[in-house]
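Here the sequence shown is numbered in our numbering, starting from 9 and rising by one per residue.
Below is one structure, written out as structure tokens; the observations come after it.
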Amino acid sequence: RESYCVWLPMVIVIKCALIWISCVSDGNECTKASAQSCGECIQAGEKCGWCTDKDFLKQGEQKSTRCDEVEALIKKGCSEASIENPRGTVSVNKNQSLTDRTKDGVKLKPDQITQIQPQKLTLDLRSGEAQTFHLTFKRAEDYPIDLYYLMDLSYSMKDDLENVKNLGTDLMLEMQKITSDFRIGFGSFVEKTVMPYISTTPAKLLNPCTSDQNCTSPFSYKNVLSLTADGFQFNNLVSKQQISGNLDSPEGGFDAIMQVAVCANQIGWRNVTRLLVFSTDAGFHFAGDGKLGGIVLPNDGKCHLQDNMYTMSHYYDYPSIAHLVQKLSENNIQTIFAVTEEFQPVYQELKNLIPKSAVGTLSSDSGNVIKLIIDAYNSLSSEIILENSRLPEGVSISYISHCKNGVSEKGENGRKCSNISIGDQVTFEVAITAKGCPSNGKSETIKIKPLGFTEEVEIVLNFICECECHKGGIANSPVCHFGNGTLECGACRCNEGRIGRVCECSKDEVRTEDLDANCRMDNGTDICSNNGDCVCGTCECKKRDNPEERYSGKFCECDNFNCDRSNNKLCGGHGRCECRKCTCDANYTGSACDCSLDTSTCLASNKQICNGRGTCECGVCKCTDSKFQGPTCEICPTCPGVCTEHKIFDSGQKQHSVVKYIFFYIYIVTVIETLVLTAANTRNIIATGENPIYKSAVTTVVNPKYEGK
9 RESYCVWLPM VIVIKCALIW ISCVSDGNEC TKASAQSCGE CIQAGEKCGW CTDKDFLKQG
69 EQKSTRCDEV EALIKKGCSE ASIENPRGTV SVNKNQSLTD RTKDGVKLKP DQITQIQPQK
129 LTLDLRSGEA QTFHLTFKRA EDYPIDLYYL MDLSYSMKDD LENVKNLGTD LMLEMQKITS
189 DFRIGFGSFV EKTVMPYIST TPAKLLNPCT SDQNCTSPFS YKNVLSLTAD GFQFNNLVSK
249 QQISGNLDSP EGGFDAIMQV AVCANQIGWR NVTRLLVFST DAGFHFAGDG KLGGIVLPND
309 GKCHLQDNMY TMSHYYDYPS IAHLVQKLSE NNIQTIFAVT EEFQPVYQEL KNLIPKSAVG
369 TLSSDSGNVI KLIIDAYNSL SSEIILENSR LPEGVSISYI SHCKNGVSEK GENGRKCSNI
429 SIGDQVTFEV AITAKGCPSN GKSETIKIKP LGFTEEVEIV LNFICECECH KGGIANSPVC
489 HFGNGTLECG ACRCNEGRIG RVCECSKDEV RTEDLDANCR MDNGTDICSN NGDCVCGTCE
549 CKKRDNPEER YSGKFCECDN FNCDRSNNKL CGGHGRCECR KCTCDANYTG SACDCSLDTS
609 TCLASNKQIC NGRGTCECGV CKCTDSKFQG PTCEICPTCP GVCTEHKIFD SGQKQHSVVK
669 YIFFYIYIVT VIETLVLTAA NTRNIIATGE NPIYKSAVTT VVNPKYEGK
């Protein structure tokens, strides 16, 4: 316990020191960057500025000293007018108001409806400085819907096909309650037409079912009906469909989904809400499973429909889940998985991987499919999820959602709002940050859109990689050692192969003995006083971890942190450290500026300095008369009349009372002391069985001559 108590304060001190060191060393990204130009400086961080004053640098200071935090540059003597510190901006280029489907009694076309605002922005990004803007989304009433029903026609779905034959007109009636502009299409799938997914014997290719069943030949995917507003045509074509068959349980549905997503012209997708209903009672094959049939080429994600049939199922593997997610998102398709209860867990996991998708439990004969579709649509349309296109390297984006009822979320949840009804308006706060100079300063364009909607926001990103003063640079300036650099922003930006403050050296002649001799003070042995590097015969002083501390001087012999201290403050907090000596502020003197010349603290009550009985030194009285003492030499304990002022007793009665209380106090202390000793003795008797008070004395005498022999 004792060692713990001793070490604990030391551990705390060490930890605090380490934390302080880490804070100091990590504190200033500007000075750490060692920027050689204004452009490099502003890319180091959002707080970095560059001093363009040509007389700013002191002797021995590096060119990179011009780059520091703005406040630090001002403290070092650079005027605000001479500091380059460009800031980013946000400009709105297109900002159409949000609309409903109907405007002034006229029904708008789908491409005239606006649900997200603004539509186009331009951002000027400075490294490390986030630019923030707001996006507003409002669900429009009576928004058009395209729905494509993709059905598994393997033999186990025979009874389901009967119920789907009248789906067109029935679904039309239900969807008219949601929108007046609804179209429906139909497609079917079975499996890849190679072994081991189907039997390739001639008889089975004609009829894959048993002899008493009339089945159509197996196929991968067929677009039966492109999107149409005619529900009777849907019923007519679907009623003519026949069931087919295959050998294994998982089906080739992923091939079909890919073709539905990428074959926009053949399917007939419009730029409206796009719904894909995927109906099956089995699992699915995915990328890699094609190897079982000798198919090794990855799916290319392109449309391969000829006469409405997928013709490359034997050539390309199944798509991966990630590939499907990409294509469904690119084409703004929201997927509804209508599956039997047995495969609910499988498709729930798939739903978690595919944004803007839903899963519904299909009855054994698909009798509840209309209710399933309506419920899934309501669920999907009530959630808004923002997605952005791929960001350039070095650019990051973050979202904060402001949803209904004052609910706000950050992180991944900041991209979405739930329980949004028609007419509800929500806002997203978007922040975009660049690091350094992405894309070599070339403009980039990214897009943000709500998943499942065709509308998007276009954002042009311009990167601030150079300072404004860069435009006025003088190429091959004579100031830069006979034209070996460009004079810009108060400093020389050296040509390739040249270095030095004014580009006075080539890289090949940086270190030679002749040049090093110019960096030794008084012909000494230390180069640049061991506080810098000799570059081209000139000392460039090292930088300290603490940006407030600097080396300077022709030989880096000076610094601003090795002066005397008082009260643990450099120059007592009342002066500046210049070349290891304190230059004191007014009214202060001394090697550590700790001696105040102000005498107001020495004034006595009679307005005399030290009561006329002493001298005021560094703001403190030193009494010269030994009788007087106190901060202003006004106290004299032995002077006549002092004792009468401090009498304690005015009468014999008071004196008697005080004596009585003193004797009572002594008595109480004696009793307590006796009780404590008695208790201690009792504990010893219990522990040892002996009373140490009555223990007989024992004296042990050792004969120094006796050595135990």
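For glycine and all other residues, C-beta sits at the position ideal for the given N, C-alpha and C.
It should be emphasised that the depicted structure is a prediction, and the values quoted were computed from it without experimental measurement.
Judged by DSSP secondary structure, Gln334 falls within the alpha helix (DSSP H) whose first and last residues are 329-338. Pairing Gly460 with Lys200, the inter-Cα distance amounts to about 29 Å. Within the stretch 92-180, complete alpha helix (DSSP H) segments of at least 4 residues are found at 166-172, given in chain order. Looking at the DSSP output, Thr494 sits in a beta bridge with Arg501. In terms of CA proximity to Ala138, Lys55 leads the group Ile303, Lys55, Thr682, Pro204. Listed as beta-bridge partners of Gly253 by DSSP are no residues whatsoever.
For Asn396, the enclosing beta strand (DSSP E) begins and ends at 392-396.
Residue pairing by DSSP puts Asp76 in a beta bridge opposite Gly57. Non-local C-beta neighbours of Leu65 in its own chain, meaning closer than 8 Å and more than five positions away in sequence, comprise Lys71, Thr73, Arg74, Arg509, ordered along the chain. Per DSSP, the unbroken alpha helix (DSSP H) holding Tyr385 starts and ends at 377-389. By the Cβ criterion, the stretch 612-625 is not in contact with the stretch 581-596, since fewer than three pairs of Cβ atoms, one from each stretch, lie closer than 8 Å. For Cys566, the secondary structure class from DSSP, reduced to helix, strand or coil, is strand. Val285 is bridged by DSSP to Tyr157, Ile344.
Beta-bridge annotation (DSSP): Gln314 is paired with Met317. For the 9 Å CB-CB criterion, Phe227 and Ser252 form a contact. CA-CA distance, Cys536 to Arg558, rounds to 14 Å.
The C-alpha of Cys49 lies about 11 Å from the C-alpha of Cys445. Membership of Ala89 in any beta strand (DSSP E) is not indicated, and neither H nor E is assigned to it by DSSP. For Tyr407, the uninterrupted beta strand (DSSP E) segment begins and ends at 403-410. Here Leu245 carries a helix assignment [DSSP, helix/strand/coil]. Following the DSSP letters along the chain, one finds Tyr229 inside the beta strand (DSSP E) bounded by residues 229-236. Exclusion of the five residues before and after Leu305 leaves Tyr323, Tyr324, Asp325 as the residues of its chain whose Cβ lies within less than 7 Å of its Cβ.
Assignment of Asn215 by DSSP, reduced to helix, strand and coil, places it in the coil class. Inter-residue distance for Asp516 and Asp308 is about 54 Å (C-alpha atoms, whole angstroms). A direct Cα-Cα distance of roughly 15 Å separates Asp530 from Thr546. In the three-state scheme derived from DSSP, where H, G and I count as helix and E and B as strand, Ile362 is classed as coil. Between Lys479 and the set Gly276, Asn36, Thr281, Gly47, the nearest pair of CA atoms involves Gly47. Exclusion of the five residues before and after Val280 leaves Pro118, Tyr151, Pro152, Ile153, Asp154, Asp189, Thr462 as the residues of its chain whose Cβ lies within less than 8 Å of its Cβ.
Taken through DSSP and simplified to helix, strand or coil, Gly540 comes out as strand. Bounds of any alpha helix (DSSP H) do not take in Gly195; it lies within the beta strand (DSSP E) bounded by 190-197. As DSSP reads the structure, Thr546 sits in a beta bridge with Val543.
Ranked by Cα distance from Val172, the options Thr140, Arg191, Asn376, Gly57 are led by Asn376. One thing to note: Ser451 has its Cβ within 9 Å of the Cβ of Asn470. Gln267 carries a helical assignment under DSSP once its states are collapsed to helix, strand and coil. Here Tyr559 carries a strand assignment [DSSP, helix/strand/coil]. Comparing alpha-carbon positions, the option among Gly419, Ser426, Asn421, Gly422 lying closest to Lys412 turns out to be Ser426.
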